[in-house]
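Residue numbers (this note's numbering): 114 to 309.
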């Protein structure tokens, strides 16, 4: 059994997607662990900000999302948010192109910054390979105030994933209450992260 799992992992090519690197330390630890198991992992996110670092690792990092808005942080907030929205569309289109070129075994999303828009691309990506979502917050954005655009379509976007990972039984229960099939939900407890 363990040998079978090792063969599967060794042949797995994964695109890990966290456009805004909302959970940078989590992403980094997960990608590092998967690469140590033999998985070919590429983390697709934004440029690192001052003070952010990655652990020494053997996985690929691509600064795929928000190349302009991350560099133009002095722009007025509304203008920067609009630019970031357009860049998100471009980033998702480029992710689709990359998936077409590389034929990954799985695409694992950590966050959906614009679920209503992301869903359009998820429908296309799902035809290429299985999609996994880690729902770090089963109540989107921890019920904190965000734009309507960020909340729109969350429930519908979840439908596009083959598997959903949550960290607690209560998160699983929330998804079940929303009508998500229990076979699509896996509870994987969140480990302790040591920041690099």
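Think of the CB as a built atom: it goes at the ideal place given N, C-alpha and C, for glycine as much as any other residue.
Since the structure is predicted, the reported quantities are computational estimates derived from the model, not experimental observations.
Length of the line joining the Cα atoms of residue i and residue j
| i | j | result |
| --- | --- | --- |
| residue 284 | residue 299 | 10 Å |
| residue 144 | residue 191 | 33 Å |
| residue 212 | residue 238 | 7 Å |
| residue 206 | residue 273 | 17 Å |
| residue 247 | residue 282 | 14 Å |
| residue 243 | residue 303 | 22 Å |
| residue 189 | residue 196 | 11 Å |
| residue 194 | residue 135 | 16 Å |
| residue 175 | residue 203 | 15 Å |
| residue 236 | residue 225 | 14 Å |
| residue 319 | residue 297 | Because the chain in this structure spans residues 114 to 309, residue 319 falls outside the shown range and cannot be described. |
| residue 171 | residue 293 | 35 Å |
Contact check, residue i vs residue j, beta carbons under 8 Å
| i | j | result |
| --- | --- | --- |
| residue 276 | residue 245 | yes |
| residue 230 | residue 201 | yes |
| residue 159 | residue 133 | yes |
| residue 280 | residue 267 | no |
Presumed contact (8 Å Cβ cut-off) between residue i and residue j, rounded CB distance
| i | j | result |
| --- | --- | --- |
| residue 209 | residue 178 | About 13 Å; that fails the 8 Å criterion. |
Proximity winner among the options, relative to residue i (alpha-carbon distances)
| i | options | result |
| --- | --- | --- |
| residue 227 | 271, 213 and 243 | 271 |
| residue 173 | 224, 188 and 147 | 147 |
| residue 216 | 137, 154, 194 and 142 | 154 |
| residue 142 | 240, 168, 243 and 286 | 168 |
| residue 140 | 236, 203 and 249 | 249 |
| residue 214 | 241, 232, 224 and 194 | 241 |
Other residues of its chain near residue i: CB distance less than 6 Å, five sequence neighbours each side excluded
| i | result |
| --- | --- |
| residue 130 | 157 and 222 |
| residue 278 | 247, 299 and 301 |
| residue 183 | 159 and 160 |
| residue 258 | Unreliable placement is indicated for residue 258, whose pLDDT of 45 sits below 50; no coordinate value is reported for it. |
| residue 117 | Because residue 117 sits at a pLDDT of 47, beneath the cut-off of 50, its placement in the model cannot be relied upon, and the point is left open. |
| residue 198 | none |
Close beta carbons around residue i, own chain, < 7 Å, minus the five adjacent residues each side
| i | result |
| --- | --- |
| residue 295 | 289 |
| residue 163 | none |
| residue 137 | 165 |
| residue 232 | 266, 269, 270 and 273 |
| residue 124 | none |
| residue 181 | 196 and 200 |
Same chain, Cβ closer than 8 Å to residue i, five either side skipped, listed in chain order
| i | result |
| --- | --- |
| residue 127 | 147, 152, 153, 154, 155, 217, 218, 219, 220 and 221 |
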